[in-house]
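**Q** Sending over a structure as structure tokens; questions will come in a sec.
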């Protein structure tokens, strides 16, 4: 029996993906043999599969992420840039629509002011005055 040194063997990203592919292709009951052959734990296989499926392998040879928190992979960073550019374009289009609407509202306001100034004020008649004017016709 071989003793473990406690060190995790250095594996490149390609090696990890190859082992993962072999593990996933192994029939049920043979997966443990693949793990023992390559000296990999089931937990490591699960982590590699998750990282592959969620595009979380970094651009380092081992595929490990940087220890810096918040570090983004180039692919995620590009996707974020595309999303932000799309959001900016939508906001700019909305701003143009709002500017046009505000300009139109200003023109309507000016037009209504001109109409109000040029119109002669019509005196308001009460209901009784209207009835009296109907009752007294010039032909009577």
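In the working numbering, the protein residues as written are 545 to 684.
Glycine included, C-beta positions come from ideal geometry on N, C-alpha and C.
Predicted model only: the values in this text are computed from it and were never measured.
(1) Within the continuous alpha helix (DSSP H) that includes residue 647, where are the two ends?
(2) State the Cα-Cα distance for the pair residue 590 and residue 581, rounded to the nearest angstrom.
(3) Where does residue 626 land, buried or exposed, given buried means 16+ other C-beta within 10 angstroms?
(4) I'd like to check one pair, residue 599 with residue 619: are the Cβ atoms closer than 7 Å?
(5) Answer with buried or exposed for residue 564, where buried requires no fewer than 16 other C-beta atoms within 10 angstroms of its C-beta.
(6) Exposed or buried, what is residue 584 when buried is set at 16 or more other beta-carbons lying within 10 Å of its beta-carbon?
(7) Which residue's Cα is closest to the Cα of residue 588: 570, 555, 573, 617?
(8) What residue range is occupied by the uninterrupted alpha helix (DSSP H) comprising residue 596?
(9) What separation, rounded to the nearest whole angstrom, lies between the Cα atoms of residue 645 and residue 659?
(10) How is residue 568 classed by DSSP in three states: helix, strand or coil?
(11) Within the same chain, show all residues whose beta-carbon is closer than 8 Å to that of residue 553, passing over the 5 residues directly before and after it, in chain order.
(12) Got a sec? Which residues, its chain only, sit under 7 Å from residue 575 by beta carbon, not counting five neighbours each side?
(13) Near residue 676, which residues of its chain fall below 7 Å by C-beta distance, leaving aside the five closest residues on each side in sequence?
**A** Based on what the coordinates show:
(1) 618 to 662
(2) 17 Å
(3) exposed
(4) Cβ distance < 7 Å, so residue 619 and residue 599 count as in contact.
(5) buried
(6) Per the 10 Å Cβ criterion, buried.
(7) 555
(8) 586 to 597 is the extent of the alpha helix (DSSP H) around residue 596.
(9) 21 Å
(10) Annotated three-state conformation of residue 568 is helix, per DSSP.
(11) 583
(12) Cβ neighbours of residue 575 beyond the five flanking positions: 567.
(13) none
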